[in-house]
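Those protein sequences? They're chains A and B, same order as listed. Anchor point for the first sequence: position 18 equals 14 in the numbering used here, and the numbering is continuous, going up by one each time. Anchor point for the second sequence: position 193 equals 204 in the numbering used here, and the numbering is continuous, going up by one each time.
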Amino acid sequence: LTEQQILGSLLQQLHLSEVPALDKADVDGLVIPAHVRAQYVALLQRSHGARSRGK
Amino acid sequence: RFSQNFREVVGRFLLSEASTHLLVFDMEQRLPPHSELVQAVLRLFQEPVPKAALRRHERLFPRSDRARVTVQWLHIREDGSNRTSLIDSRLVSIHESGWQALDVTEAVTFWQQLRRPRQPLLLQVSVQREPPGPRGSDAHRLVRFASQGPSGGGQGEPQLELHTLDLRDYGAQGNCDPKAPVTEGTRCCRQEMYIDLQGMKWAENWVLEPPGFLAYECVGTCQQPPEPLAFRWPFLGPRQCIASETTSLPVIVSIQEGGKPRPQVVSLPNMRVKKCSCAWDGAPVPRKLEP
């Protein structure tokens, strides 16, 4: 798994063609709301449990 | 003939397109545990055509001595309905006799996906006119397989050959031993590999979670089987150590919405290796049994 593959997958999922220009001020103090964190944790748990088809 | 309302239309059997046989194989306990099915071969004994019949056929249909043998997997669903899937199809000549081999690997792969208790393996073998339609000959009528009908007597009964690989010898070994270095002799295994997202320039101020993750990778080699196969898949390469199961990775990123940054969850598919296996490079990926 290469850095390029991870970036490519993220851009594809977000339908972006390049990395958005964000600076530190944008994210400083940004709070992750509970419902977003809950969604993240649920996906994380599912990915640890779920079996994908793979090759 | 049975209705007052319809004028009856009499028909005649003009062409006999095919003769069909159903083969039943009891498969329980046939495939050893911890084994991988490499190939399944159906062998049918084609009986020699009597010379007189051959001569008669050649008079009627010169230059046309072939028939098509087709194997379909028959699945009888729980609700009693059934479906067939085409598995293999080959041309045979009425001048030949002896064991014919058909590749039924996919039928056994389908059968393996059935829920237990599983029905026997049902193979529908049909001998068809080739080519179909009025241009073909009656050669398919002369193709007979042994043990067709009561007079079979067990001689030359259909055989199902199962080629399997013992995964204790030819498979992967799960996770690598973190204490042992990976060398050429290491058997295929899953090794920890940590991806530090925080160390990636492009992720700065964009990827909020996670700071990094265990992606794993498949390392090591696989033992190659010595035996030649009855059917050689033309594109087959060596057995390699590959990621046979992967899972996705959820991440939280910051996206701009209305000029303001907002956290959003995104799931990245196939980011983490769940399982490593030994698999033939270039082997066809078995079809999944549709419900």
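All residues carry an ideal CB built from backbone N, CA and C; glycine is no exception.
- Under the Cβ criterion (8 Å, minimum of three pairs), the segment 141 to 156 of chain B does not count as touching the segment 192 to 208 of chain B.
- Within chain A, no residue has its beta carbon less than 7 Å from that of B:Ala183; the closest one is some 13 Å off.
- Beta-bridge partners assigned by DSSP to B:Val230: B:Cys200.
- Non-local beta-carbon contacts of B:Gln124 in its own chain, meaning distances under 8 Å to residues more than five positions away in sequence, involve Lys299, Leu300 in chain order.
- Rounded to the nearest whole angstrom, the CA to CA distance from B:Val284 to B:Val296 is 18 Å.
- B:Val138 places its beta carbon less than 8 Å from that of B:Ala78.
- Less than 8 Å divides the Cβ of B:Ala150 from the Cβ of B:Phe72.
- Under the DSSP assignment, B:Val80 falls in the beta strand (DSSP E) whose first and last residues are 77 to 87.
- For B:Leu85 and B:Phe121, the gap between their C-alpha atoms comes out near 10 Å.
- By the neighbour-count criterion, in which 16 or more other beta carbons inside 10 Å mark a residue as buried, B:Phe156 falls on the buried side.
- Take B:Met38, set aside five residues on each side of it, and the residues of its chain with a beta-carbon closer than 8 Å to its own are Val119, Trp122, Arg129, Pro131, Leu132, in chain order.
- At least 8 Å separates the beta-carbon of B:Ser255 from that of A:Val23.
- Interface annotation for the segment 30 to 43 of chain A against chain B: Val32, Gln35, Tyr36, Leu39, Leu40, Ser43, criterion Cβ-Cβ distance under 7 Å.
- Taking a beta-carbon distance threshold of 8 Å, A:Ser13 does not count as an interface residue toward chain B.
- Membership of A:Ser13 in any alpha helix (DSSP H) is not indicated, and neither H nor E is assigned to it by DSSP.
- If you look at B:Trp291, you'll find it in the beta strand (DSSP E) that goes 271 to 291.
- In this structure the segment 222 to 232 of chain B lies against the segment 203 to 212 of chain B, because at least three pairs of beta carbons, one per stretch, are closer than 8 Å.
- Under the rule that a run must span 3 or more residues, the beta strand (DSSP E) segments found entirely inside the segment 130 to 190 of chain B read 132 to 140, 170 to 177.
- In this chain, the alpha helix (DSSP H) harbouring A:Ser43 covers 30 to 45.
- Chain A places no beta carbon closer than 8 Å to that of B:Trp291, leaving this residue out of the contacts.
- Between B:Ile263 and B:Pro274, the beta carbon gap of about 5 Å places them in contact (Cβ cut-off 8 Å).
- A Cβ-Cβ separation of about 13 Å leaves B:Pro222 out of contact with A:Leu40 under the 8 Å criterion.
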